[in-house]
Structure formats: structure tokens, C-alpha cells
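Undergrad: Per my numbering, the very first residue in the sequence shown carries number -7; after that it's consecutive.
We put the CB at the ideal spot given by N, CA and C, even for glycine.
Just so it is clear, the structure is predicted and the values come from calculations on it, not from any experiment.
Take a look at the following structure, please.
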Amino acid sequence: MENLSRKLTKSNNKMLAGVCAGLAEYLGWDITLLRVVYLILSMFTAAFPGLLLYILLCIVMPQPE
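As C-alpha cells, this is what we get:
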């Protein structure tokens, strides 16, 4: 049975703030793939909503222990 007590935190594997890497680690996805998908989605939404979401997650997500 999978460990259900995972916490969504920023990652130490960071390019900017560790948000995308933290999401990828939490979801079990490839970090580079998630970064590319996030970049593409942000570009197709005129970048503003993607940038705003990244800043919000940067503030809300806790640092890793």
C-alpha cells in the first residue's frame, strides 16, 4: 500500500524556488517533463496565470524538512 502521508513541499532540486520539482516529486512524475508542461501551459495562457500560480505556490508551499 502506498504511503498516504506524503506532504507537498518545495524541492531541494530547484531551478527557481523548487515549486515544479516539489510538485513532480509529490505526483511521482519526471521533474523535467513537469517543468516543460508547466512552461507550455503558461505560454498558452499568456503567461500571467501561470506566473501568478507559480508565485502563489512559492509562498504557500513549505520548505522540505
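Quick one: using the 10 Å Cβ neighbour count with 16 as the cut-off for buried, is Gly20 buried or exposed?
TA: Counting Cβ neighbours within 10 Å, Gly20 comes out exposed, since fewer than 16 surround it.
Undergrad: Output needed for Leu45: all residues of its chain with C-beta closer than 6 Å, excluding positions within five of it in sequence on either side, in chain order.
TA: Result list for Leu45: empty, nothing under 6 Å.
Undergrad: Would a C-beta distance cut-off of 8 Å place Leu64 and Gly14 closer than the cut-off?
TA: Residue coverage of the chain in this structure runs from -7 to 57, which leaves residue 64 outside it and unanswerable.
Undergrad: Three-state secondary structure (DSSP) at Leu15?
TA: The answer is helix: DSSP assigns Leu15 an H, G or I state.
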